[in-house]
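Protein chains in written order, with my numbering: chain A, 1177 to 1692; chain B, 218 to 693.
Notes for the one structure printed next.
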Amino acid sequence: MENSLLLTYLILTPFIGSFLILFFKKGQEHLIRYTALAISTIAFIISVIIYFQFDSANAGFQFIDKFHWIKGLNIHYHVGIDGMSLLLVLLTTFLTPLTLVSSWSSIESKVKEFTFFFLMLEVGMLGVFISLDLFLFYVFWEAMLIPMYFIIGIWGGKERIYAAVKFFIYTMFGSLLMLVALIWLAVYAIGPLGYFTTNLIELYAVSPQIPIDIQTWMFIAFAFSFAIKVPVFPLHTWLPDAHVQAPTAGSVILAGVLLKMGTYGLLRFNLPLFPEVSVAAAPYISILAIIGIIYGALVSMVQTDIKKLVAYSSVSHLGFVVLGIFAMTQESIQGAIIQMVNHGLSTGALFLLVGIIYERTHTREISDYGGIAKLVPVFAFALMFASLSSVGLPGLNGFIGEFLILLGSFKSPVLGSWWFTVFAASGVIFAAVYLLWMYQRVVYGEVTNPKLNGLKDMNNREIFVLFPIFIFIVWIGIYPSTFLKVSDKSTAKVVKQMYNPEKINPVQMGLIQSTK
Amino acid sequence: MFNNYQEFWNLLPMIIIGAGIIISLIIEMYSKKSEVILPWFSILLFLAAGLHALFYIGDISIVLQNMLATGGNVNIFHAIFTLGAAVVTLLSIDYLKKYGIYFREYYIILQTSVLGMMLMAAAKDILVIFLGLELMSISFYILAGMNRKRLNANEASLKYFLLGAFATGFIVYGIALIYGAAHTTSIDFITSDFNLLSGNLLFVAGVLLFLIGFSFKIAAFPFHMWVPDVYEGAPTSVAALFSTGGKAAAFSAIIATLFALFNNGGQGNFFTPFLAVISVLSMFYGSIVAIAQDNIKRMLAYSSISHAGYLIIGLAAGNYDAVAGVIFYLAAYTFMNLGAFGMVALIEGKDETNLSINSYSGLGSKKPLLAALLALLMFSLAGIPPFAGFFGKYYIFIAAIKANLTWLAILGVISSAISVYFYIRIVVLMYFKTSDTEIEFEGSNNYMLAIILSVLIVVLMGVFPGSFIDLVTKFI
């Protein structure tokens, strides 16, 4: 097959760019910032080109590039995208330039290093979404930890060291088990294929033949690693620390993209590689997802720190995504994908807004605020907009994702009970409670804190950062098919694999269908 | 002595070093500038021998009446030893000056120890292994006490000597038993009779004693007691050699003898249970105890014990991937550790100051380049892609899983996850903490050259492991 190289250019742009940044000297901060913006914008433009050339009628992988990397072990540099990864690639390249611009005022020390790590982070994230070789995937997955670790540890808040180390070791531990499973899978392929391979497409065909008890262990090893990243309850404890301590730009990328790597992994690896086990495990994982939805929402409700509130809301929102994935209907998986994008946009916007107000007041305590609607009307409007999007107001993006997930899970044959949907739906109500209550306490009422007087409203740069995000929030809310159609065929393919009658044992199917 | 010109040519790496030792002795006798000449002369020798070994890697032969092998993996080991020793020499120049411990014989003994390592890797006869081992070990005992006015250097030297001699006793006894059972010391003959011999209790006991003796040399638990004290007491440049060349040489001897045994007729690995237990204990003991260390040399010593554990996973697996994996890992580990020890030697002040890990606080803003290099080495030692350390582990885990030792691979990754903590702590100190103490550097150019070379190799081996793997797998 001819290499199209577009994806390679996409990933090389920030990679080469980050090394260019190193050549600047101290005192050239402006130049560094604009260069980085230009580099990440080029990456965004390339991804848009990919979007327009993308054939949504094709369920397979497109834009495949494949080169020998390590011949001795049959490892390739093998990248490609399908509908599921395309949206996440777009989300990554879209958020990166905006986040870089947002950091112009908050990151003042070591701008060069920050920019270097940030572009490297983009390389890692893109690499995770486009890799079609498990080894390559693992390299990006792990390598991406290093820049994020530095971003939290150097530019973070007071407890940054603790948060950075916890983030690093937690994630590392999960992924190392995945490494063993990955090697096991590749070694197993020697039997049916006759050679050691980490090629994902070949492994898709091989892995369902693995004895079911071993598949179960492999499923657990992969799922554990991804569940830490998502994070699925009860593996979420690193998240509030990392989110709260990271600088605004770090939080935005962490919430916007990094968490999606976990859900993407579940969708890309766990479901198609181990369909039988996935079906069997679906109810249990969905229960964890629902605990996450409700727990995250309840904990958000009692937070006194705005950033922590938004951080815990991620646990809740990602619970929806996991539920959508493991409900395994076309609607729910489509919903999960669009919800990943939604969460990236709305939670990203919320973190940006928290960062904007924190830069001015240096406090994130809800009780320190109150009545700022009169002082900063533009900010108040933006916060309202982002909150409503996160709550899932019809007409905005959050509604589409949650609705599809709830619809899909309601009729899911795998879950087999509508109780899942009932409990999950309560999360939507809780979201409205904690976000709107926070909004009320921060924005409405009288100004009680004298320090807030003279608070400046959002400047043009900050509006410039948020405006594109809001456009997409409305776009997805009103006309989601621009995005849904891209992933339509790919998700249909995944769902079809799950219900392949040969793969699912009839007793199990009977059990499942009893509710219909 | 030589049957033909080709034998001479194939043995040239060892001949270069051997002749070099004699020439160095003469230089030392007659030149007053030996302190300046000898290090660069040694580096020249090492580079010549290493490059010869690499260029003529295809010249596989068995020479000198079945005593020595050349070509293939032997040459790869020779290249690892000599290039590693070249880096050590580069580190030594300013280090010896800093402590005022240049005693003329230093570089000559360094060359002798390298010759010993090369003999071990090339041996086709158990007695030659012993010869090489003693040449290396005795040189090491002297090198460990090079800083002769310091109490802990003397302690290190004596401790190393006593325990090392004890281990050598095991090895000799093992060789005696093996000879008693097999009536030969030739590795090839022993291998071809392995199926017969493996039922002989005398033989099995001999091999086990042999393995135990070498477990001392590779710093595996529970034969590791000397490691932290010796690394701490010995000059840092010498500790760098112990932890890299010394370990690699011991592994080369084990590979030369045991893999031949293991692979015999695909009988499976006779010693797997023993090796697996040692491996697990080493990995966990090293990783866990390293967390409690405050002295960076001791931390690296425990890290070295832990790495010995990962390498023994390869021995326990005992298949072809394992040989390739262990060699790759050793090469990667050699340069990671040389870089790390080089950094320690550079930061270390006179009179053994700045050895606490807290001396590294704030290095990120004081010396950004140094800090970045050390961070990279730490990430590589922790086994994080895309650096060489990760790929070494990956390869060894493949070997383990192919040998149905998945549980060992799982314990291996758990231990790596633990070890991340103490490697990352150095990065935390360098970048996330600040400190007011100033670090003074003396003559840092040679150090920097050595460190940058090591890091370059670590990165290249991590990003493009393919060509090195091709080289290794071609000759197994």
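C-beta: ideal position from N, C-alpha, C; glycine also.
Since we're looking at a predicted model, the values are computed, not measured.
- For Asp511 of chain B, no CB of chain A lies under 7 Å from its own CB, so it is not counted at the interface with that chain.
- In this structure the region 279-298 of chain B lies against the region 334-353 of chain B, because at least three pairs of beta carbons, one per stretch, are closer than 8 Å.
- Secondary structure of Tyr1675 of chain A (DSSP, three-state): coil.
- Secondary structure note for Ser636 of chain B: its alpha helix (DSSP H) is the uninterrupted segment Thr623 to Phe649.
- By the beta-carbon neighbour count (other beta carbons within 10 angstroms, threshold 16), Leu673 of chain B is exposed.
- Note on the region 417-502 of chain B: whole alpha helix (DSSP H) runs with a minimum of 4 residues are 418-434, 443-450, 453-458 and 464-471, in chain order.
- Annotated as distal: Trp1317 of chain A and Val1299 of chain A, with beta-carbon spacing of 7 Å or more.
- CA-CA distance, Thr1413 of chain A to Val1475 of chain A, rounds to 12 Å.
- The DSSP-derived three-state label of Thr287 of chain B is strand.
- Comparing C-alpha distances from Val1517 of chain A to each of A:Phe1270, A:Ala1319 and A:Lys1483 shows the shortest one belongs to A:Phe1270.
- Between Ala1465 of chain A and Thr1597 of chain A, the alpha-carbon positions lie close to 11 Å from each other.
- Apart from sequence neighbours up to five positions away, the residues of its chain that approach Ile238 of chain B with a beta-carbon distance below 8 Å are Ile325, Gln328, Thr329 and Leu332, ordered along the chain.
- Between Val540 of chain B and Tyr519 of chain B a beta carbon distance of about 27 Å is seen, past the 8 Å cut, so the two are scored as non-contacting.
- Closest in C-alpha terms to Ser1593 of chain A, from the list A:Ile1463, A:Ala1422, A:Met1301 and A:Ile1366, comes A:Ile1463.
- Taking 7 Å as the cut-off, the Cβ atoms of Ile668 of chain B and Leu590 of chain B count as close.
- Between the beta-carbon of Leu594 of chain B and that of Gly556 of chain B there is about 5 Å, and that keeps the pair under the 8 Å contact cut.
- In this structure the region 408-422 of chain B does not lie against the region 349-369 of chain B, because fewer than three pairs of beta carbons, one per stretch, are closer than 8 Å.
- Interface criterion met: the Cβ of Val645 of chain B is under 7 Å from a Cβ in chain A.
- Short of 8 Å from the beta carbon of Ile233 of chain B, and not among the five residues preceding or following it, lie these beta carbons of its own chain, in chain order: Leu262, Ala265, Ala266 and His269.
- With a threshold of 16 other beta carbon atoms within 10 Å, Thr1523 of chain A meets it and is buried.
- Within the DSSP secondary-structure output, Asp342 of chain B pairs in a beta bridge with B:Ser403.
- Residues of chain B whose Cβ lies closer than 7 Å to the Cβ of Phe1349 of chain A are, in chain order, Ala634.
- Nearest to Val1662 of chain A by C-alpha distance, out of A:Ile1514, A:Phe1398 and A:Gly1547, is A:Ile1514.
- Fully enclosed alpha helix (DSSP H) runs of no fewer than 4 residues occupy 1482-1503 of the region 1473-1522 of chain A, in order along the chain.
- Between Ala1549 of chain A and Val1619 of chain A, the gap from beta carbon to beta carbon is short of 7 Å.
- At a cut-off of 7 Å between C-beta atoms, Ala626 of chain B counts as an interface residue with respect to chain A.
- Positions of the alpha helix (DSSP H) runs, each at least 4 residues long and wholly inside the region 1332-1394 of chain A, are given as 1336-1364, 1366-1369 and 1376-1382 in order along the chain.
- Within chain B, the residues placing a beta-carbon under 7 Å from that of Leu1249 of chain A are Ile686, ordered along the chain.
- Distance from the Cα of Leu348 of chain B is smallest, within the candidate group B:Met284, B:Glu449, B:Asn663 and B:Gly275, for B:Met284.
- With a 10 Å radius around the Cβ and a threshold of 16 neighbouring Cβ atoms, Ile346 of chain B comes out buried.
- Between Tyr640 of chain B and Ala599 of chain B, the C-beta gap is smaller than 7 Å, which places the two residues in contact.
- When C-beta atoms of the region 675-691 of chain B are compared with those of the region 1239-1251 of chain A, three or more pairs fall below 8 Å, so the two segments count as touching.
- Under a 10 Å Cβ-count criterion, Tyr1371 of chain A is classified as exposed, with fewer than 16 other Cβ atoms of the shown protein chains found around its own Cβ.
- Phe1311 of chain A places its beta carbon less than 7 Å from that of Ile1251 of chain A.
- Cα atoms of Ala398 of chain B and Leu419 of chain B: separation of roughly 6 Å, rounded to the nearest angstrom.
- Interface annotation, Leu1310 of chain A: not in contact with chain B, CB-CB separation never under 7 Å.
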